[in-house]
Amino acid sequence: MLGESEVIIDSENDNRILGKTFYWMFLGLLGSGIVAAYTYFSGLYINLILGGYWNLLLILELVVVLLFSFLFKKLSPTAVGVLFFVYAMINGVTLCTVFVFFQLKSIITLFVVSSLIFAVLGYLGYNTNKDLSNWSSYISVFLIAGIVLSVINLFFIKSSGLDLIIDWFVLALFFGITIYDLNKVKFLQENDFIDKSKLHIYCAMQLYLDFINIFLRVISIFGKRKD
Numbered sequence: 010m011l012g013e014s015e016v017i018i019d020s021e022n023d024n025r026i027l028g029k030t031f032y033w034m035f036l037g038l039l040g041s042g043i044v045a046a047y048t049y050f051s052g053l054y055i056n057l058i059l060g061g062y063w064n065l066l067l068i069l070e071l072v073v074v075l076l077f078s079f080l081f082k083k084l085s086p087t088a089v090g091v092l093f094f095v096y097a098m099i100n101g102v103t104l105c106t107v108f109v110f111f112q113l114k115s116i117i118t119l120f121v122v123s124s125l126i127f128a129v130l131g132y133l134g135y136n137t138n139k140d141l142s143n144w145s146s147y148i149s150v151f152l153i154a155g156i157v158l159s160v161i162n163l164f165f166i167k168s169s170g171l172d173l174i175i176d177w178f179v180l181a182l183f184f185g186i187t188i189y190d191l192n193k194v195k196f197l198q199e200n201d202f203i204d205k206s207k208l209h210i211y212c213a214m215q216l217y218l219d220f221i222n223i224f225l226r227v228i229s230i231f232g233k234r235k236d
């Protein structure tokens, strides 16, 4: 009976961490969405571009996510949480470009579609009994390849056709990354590699990035642009 009780307690703890993970992810996405909408509809993005602050924002965004990644284990849960929301807010500012180029109806529709896709991928990743840890090296290679191709096409080739191919490639890649990350969430819940008091924040950041990348590629491929 003791063994059964321990299993029940562990299961409840795992569900609690998973619930907090999605709660924090939701808060991050909500914050990003509100900031993105405000930045666009208030016209703030124009001042940021004209004032030369846009590139600074992109650099700051990169710095925050690197600090989160490399200092996560050393920082307190409060500090980690602050970094997560700082990143979400800065990312919200840069995401205002979605409102600049695409119709609002298309943004809302494809956000819902992306959410459904993410939910299905998350379910598959979390509920599979297979160990997906060996995906890590392949994901890293393909991710670097996608970044390199994007940079080459942006500055040298400048082909809209290649850009579409890259969008599909990266979208398929983040389908796999989402499955992998949800599987990793389950693995981390069962081990003590990360302090359980801030594990949900780490997982929320991973899933937040997965969803944002899926949404951006979906809207890039299928979004209706403004005239």
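Read in our numbering, the sequence shown has 101 at position 92, and its numbers run on one by one without any break.
Note that beta-carbon positions come from the ideal geometry of N, C-alpha and C, so glycine has one too.
Residues that DSSP places opposite F120 in a beta bridge | Answer is none; F120 lacks a bridge partner.
Out of F81, K139, A154, A46, which has the shortest C-alpha to C-alpha gap to L104?
-> A46
In angstroms with no decimal places, state the Cα-to-Cα distance between L113 and F220.
-> 19 Å
Around the C-beta of K193, are 16 or more other C-beta atoms found within 10 angstroms, so that it is buried, or is it exposed?
-> Taking every protein chain shown into account, the CB of K193 has 16 or more other CB atoms within 10 angstroms, so this residue is buried.
Neighbourhood of F224 by C-beta, 8 Å cutoff - its chain only, sequence neighbours within 5 removed = L119, F120, S123
In the structure shown, what three-state DSSP assignment does F202 receive?
-> coil
Going by Cα to Cα distance, which pick from L158, A154, L180 is closest to L171?
-> L158
Runs of beta strand (DSSP E) wholly within the segment 31 to 62 (minimum 3 residues, chain order) = none
Enumerate in chain order the residues of its own chain whose CB-to-CB distance from I230 is below 6 Å, with the five nearest sequence positions on each side excluded.
-> The answer, listed in chain order, is D176.
Who does R234 pair with in a DSSP beta bridge?
-> F111
Under the three-state reduction of DSSP, which class applies to T87: helix, strand or coil?
-> helix
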